[in-house]
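Colleague: Taking the numbering used here, the leading residue of the sequence shown gets 495, the next gets one more, and so forth. Where is the CB? At the ideal position from N, CA and C, for every residue including glycine.
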Amino acid sequence: KYLEKGADGDWLFLSLRRHPLSRQQFFYILREAGRLAELTIAPHPHMLRHACGYALADKGIDTRLIQDYLGHRNIQHTVRYTASNAGRFHGIWRKKRRV
Numbered sequence: 495k496y497l498e499k500g501a502d503g504d505w506l507f508l509s510l511r512r513h514p515l516s517r518q519q520f521f522y523i524l525r526e527a528g529r530l531a532e533l534t535i536a537p538h539p540h541m542l543r544h545a546c547g548y549a550l551a552d553k554g555i556d557t558r559l560i561q562d563y564l565g566h567r568n569i570q571h572t573v574r575y576t577a578s579n580a581g582r583f584h585g586i587w588r589k590k591r592r593v
């Protein structure tokens with residue numbers, strides 16, 4: 495229901511009082527969630543950005559589109575996401591060609 499209606503404002507992450515979370519609050523929440531999940535590495539907000547880049551690359555999204563979406567000026571910063579998963583090319587030549 496919420497996704498159909500859309501957000502009431504410009505902020506993605508809100509506090510219980512419906513105020514925008516500060517960078518520090520979001521960092522703390524993410525770090526605490528990682529601790530409670532007993533992760534071996536401490537998560538930080540930039541990891542979500544990396545996860546987004548990897549997910550887009552895994553879906554086969556064009557590198558230039560990923561670059562634009564993530565706001566990278568240098569394509570080399572984007573290439574790391576596409577170069578990391580060689581498995582996505584498995585079977586590429588076996589796909590049926592459109593005639």
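Taking the alpha-carbon of histidine 540 as reference, which of Ala531, Leu524 and Glu532 has the nearest alpha-carbon?
Modeller: Comparing Cα positions, the closest option is Leu524.
Colleague: Classify leucine 508 as helix, strand or coil using the three-state DSSP reduction.
Modeller: Residue state, collapsed to three classes: strand.
Colleague: Report the CB separation of tyrosine 467 from tyrosine 548 in whole angstroms; it is logged as a contact under 8 Å.
Modeller: A question about residue 467 goes unanswered here, because the residues of the chain that appear run from 495 up to 593.
Colleague: Which stretch, first to last residue, makes up the alpha helix (DSSP H) that contains histidine 544?
Modeller: Histidine 544 -> alpha helix (DSSP H) spans 540-552.
Colleague: Would you kindly work out how many angstroms separate the C-alpha atoms of glutamine 561 and leucine 506, rounded to a whole number?
Modeller: About 21 Å.
Colleague: If you draw a straight line from the C-alpha of threonine 534 to the C-alpha of arginine 558, how long is it?
Modeller: Between threonine 534 and arginine 558, the C-alpha separation is close to 33 Å.
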